[in-house]
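Under the numbering used here, the first residue of the sequence shown is numbered 2, with each subsequent residue one higher.
These notes are about the structure you will find just below.
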Amino acid sequence: MANVDVCAVCGIPAAGQRCSGCQQVSYCGKDHQRQHWKQLHRKECRCYKVTHNSTLGRHLVATRSIRSGEVIFREPPIIVGPKTASVPVCLGCHSNLDATKFNNCQHCGWPMCGSSCETSRYHREECRLLAAKSYLPQIGFDECNPGKKYSAYCTIVPLRAILLKRRNPQLWAKVVSMESHLETRKNTPLYAAIRSNLVPFVRGVLGLQTEASEEELMVVAGIFDTNSFEIRIPEKSIKIRALYELGAMMAHCCQPNTKHYFDDELNLVMIAAVDINKEEMISISYAQPLQATIQRRFTIKQAKCFECCCHRCSDSTEFRTYAGSIVCPQCSKSMVVAVNPLDFRSDWRCEDKKCSYRESAQQYITRNEAFRAEIGQLSCGAGPDGYEYLLGRFQSTSLLHPWNTNVLQVKYAITQLYGGGVPGGINLQDLSEKQLRRKVELCVDLLEVANQLEPGMSPFRTKLLQDLRDALEAMKSI
C-alpha cells in the first residue's frame, strides 16, 4: 500500500494534497496530481479498499464518505452460466427458450435460440469441446411442462471455469481463492446430486481427467453456490448466475448499505443505497427483508454456509419492528422476543420482565411454520380476495401484531396483486377506487417498515415508492 503521507510521484512529504476520490494517495501539488492521474491513478482510483479480518475474511470498506446514489464500482463477470437446474436456456445470450425459438446448435447440439448465438463469446470455446465429443444432451421443450428444469445444466458453469483455467490462469487463480465451504457442503443432498452429474460428464464424457480433478470441480461448484449473483432481466427472459471478483468480496448484512443492478453487458453495478461513512463496511444482503431473523439466518446458513451475526440479527427487536415476535399470550401487552437471537435453540420470553411467559425455540418454530403453511396453501394464482381473507384471519389472531413477518408478507403480496402484474392479480387500470385506496394504505404501512429495515434507496423501499406513485396517479383518473 502506498504511503499516503508522501507524494505519489516524487516521494517528498505531501502537504495535505490528497486525492478526493479515494483518499489513498497524496501529492506535493496539483501538477503531480494531474500527472499521476493521467499516467496511472485514473485506473486505480476507487472509493473502497479490500481488507481482511478473521470473522468476515476479505471484504470492502469505504476509503471516504460515499453519498447515497453514488456508483461504488462497475465490474464485468468472470464466469456466467445457467443455474444448477434450469429450464431450457440459450448458452449464447442466456435467455430462456420457448417453442418459438428452440433450436439446437448445429455444431454441439445444445439448445440455442438461433444461429447468431452459436458464435457467442460465452459459447464458442465450450462448443468446440462439446462437438468434438459428440455428446447430445437430453434437453427438449416440453409443451405440457414448459417450466421443466434439467440437471444437465449443472455442468456448464464448472466447464466454463475449467476453460478459463486454460485461457487465463491469473483469473482462474482469483476464482479458486474464493470461499467454497466444500467441507460443509459434502454431507448435503445437493452435493451428491451435483457430483453424480458433473464429475462423470467433465472427466469421463469430455475426457478432461488431467485438467480437472473431482475435488476441483466440486470446489468450483461450491464457489458458485457461495459467491455468485443471480441475474434476473425479465424483459430479456434471463435468469442465470454470474461470478464477480469484487462482488464475491462484499460482506453480507441484513440491513445492507448498497443496491445493485446488471447492465446490458451483464456488468455488476454497485450503488450506495444510503450514505456510507469512511471506514464503514460496504455490504449486500442475501436475505429477504420481510423475513424474521430466525428465517433469514436459517436460509443463509443453508445456502451460503455461514451464520449471520449482523446488527439486525443481533437485535431481538429487529430495529423495533418486532418482525419475528408475537404478542405475549400471557399478558397480551408486550412482545415475545428471543433471549439470544444468534442462537437457533434460544428460548423466547416476554419482553416485560414482570411477565413470566417463556417458550422453547421449538414451540416458536412450530407456531410460525403453521402460519407460513397457511400462506403457502394459497395457490400461485390466488387472487387478492384470498390474501385479504387470510390477512383478516391473521389480524383477528391476538398473537399477530401488524408488523409480524407473516402479516407483512401477506400485505406485500396484496400490494402486488393490486396492479403489480403478478399471476392472479388485477391490472392497475382495472382497479376500483376502493382497491386503489387499499393499495395506497398498504404501501404507506409497509414503507414505515422499510424505513426501519432497509432505509434509503433499497430495492424494497424503491419498489414500494413506485407502487405508491402508480396508485396515486391512477386515483387521479377516477
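Yeah, the Cβ is synthetic: ideal placement off N, Cα and C, and Gly gets one too.
As the structure is a computational prediction, the values presented were derived from the model and not from experiment.
(request) Tell me residue 221's beta-bridge partners as DSSP assigns them. (result) Residue 221 is not bridged by DSSP to any residue.
(request) Pick out the complete beta strand (DSSP E) segments inside the region 254-286, 3 residues or longer, and give them in chain order. (result) You should have 259-263 and 269-273.
(request) In the DSSP assignment, find the alpha helix (DSSP H) that holds residue 451 and state where it starts and stops. (result) Counting along the chain, the alpha helix (DSSP H) containing residue 451 begins and ends at 434-454.
(request) Give every residue of the same chain whose Cβ lies closer than 7 Å to the Cβ of residue 286, excluding the five residues on either side of it in the sequence, and list them in chain order. (result) Excluding positions up to five away in sequence, the list reads 253, 254, 255 and 257.
(message) Spatial neighbours of residue 87 within its chain, please: C-beta separation below 7 Å, excluding the five flanking residues on both sides.
(response) Only 150, 151 and 154 meet the Cβ criterion.
(message) What would DSSP say about residue 192, mapped onto helix, strand or coil?
(response) Residue 192: helix per DSSP, three-state reduction.
(message) Is the beta carbon of residue 337 closer than 8 Å to that of residue 347?
(response) In this structure, the beta-carbon distance from residue 347 to residue 337 does not fall below 8 Å.
(request) Confirm, please, whether the CB-CB distance from residue 79 to residue 262 is below 8 Å. (result) At a Cβ-Cβ threshold of 8 Å, residue 262 and residue 79 do not count as neighbours.
(request) Let me know the secondary structure DSSP gives residue 2 once reduced to three states. (result) With a pLDDT of 49 at residue 2, under the threshold of 50, the modelled position of this residue cannot be trusted; read the value that follows with caution. Note: residue 2 maps to coil in three-state DSSP.
(request) Under 8 Å Cβ to Cβ from residue 301, same chain only, skipping five residues before and after it: list those, please. (result) Spatial neighbours of residue 301 in its own chain (CB-CB distance under 8 Å, excluding positions within 5 residues in sequence) are listed in chain order as 253, 287, 288, 307, 308 and 309.
(request) Helix, strand or coil for residue 112, going by three-state DSSP, please let me know. (result) Residue 112: strand per DSSP, three-state reduction.
(request) State the start and end residues of the unbroken alpha helix (DSSP H) segment that holds residue 349. (result) Taken as a continuous stretch (DSSP letters only), residue 349 belongs to no alpha helix (DSSP H), being part of the beta strand (DSSP E) at 349-351.
(request) Using three-state DSSP, classify residue 153 as helix, strand or coil. (result) Of the three classes helix, strand and coil, the one that applies to residue 153 here is helix, per DSSP.
(request) Grab me the residues of residue 2's own chain with a C-beta within less than 7 Å of its C-beta, minus the 5 sequence neighbours each way, in chain order. (result) Residue placement at residue 2 cannot be trusted, given a pLDDT of 49 that sits under 50; the coordinates are not used to answer.
(request) May I ask which residues mark the beginning and end of the alpha helix (DSSP H) holding residue 288? (result) Unbroken run through residue 288: none, as it is neither H nor E.
(request) Return the CA-CA distance between residue 119 and residue 106, expressed in angstroms with no decimal places. (result) Their Cα atoms are separated by approximately 6 Å.
(request) Compare the Cα-Cα distances from residue 183 to each of 114, 223, 124 and 22 and report the closest residue. (result) A check of alpha carbon separations from residue 183 across 114, 223, 124 and 22 identifies 223 as the nearest.
(request) State the Cα-Cα distance for the pair residue 114 and residue 237, rounded to the nearest angstrom. (result) So the alpha carbons of these two residues sit roughly 12 Å apart.
(request) Kindly list the residues whose CB is nearer than 8 Å to the CB of residue 314, restricted to its own chain and excluding five residues on each side of it in sequence; keep chain order. (result) Contacts found: 255, 294, 297, 298, 342 and 343.
(message) Which same chain residues end up closer than 7 Å to residue 168 when comparing Cβ atoms and leaving out the 5 residues on each side of it in sequence?
(response) Once the five neighbours on either side are set aside, residue 168 has no close Cβ partner at all.
(request) Taking all protein chains shown into account, decide if residue 1 is buried (16 or more other Cβ within 10 angstroms of its Cβ) or exposed. (result) No answer is possible for residue 1: the residues shown for the chain start at 2 and end at 479.
(request) Please determine, among 164, 171 and 175, the residue with the shortest C-alpha to C-alpha distance to residue 203. (result) Ranking the options by Cα distance to residue 203, first place goes to 164.
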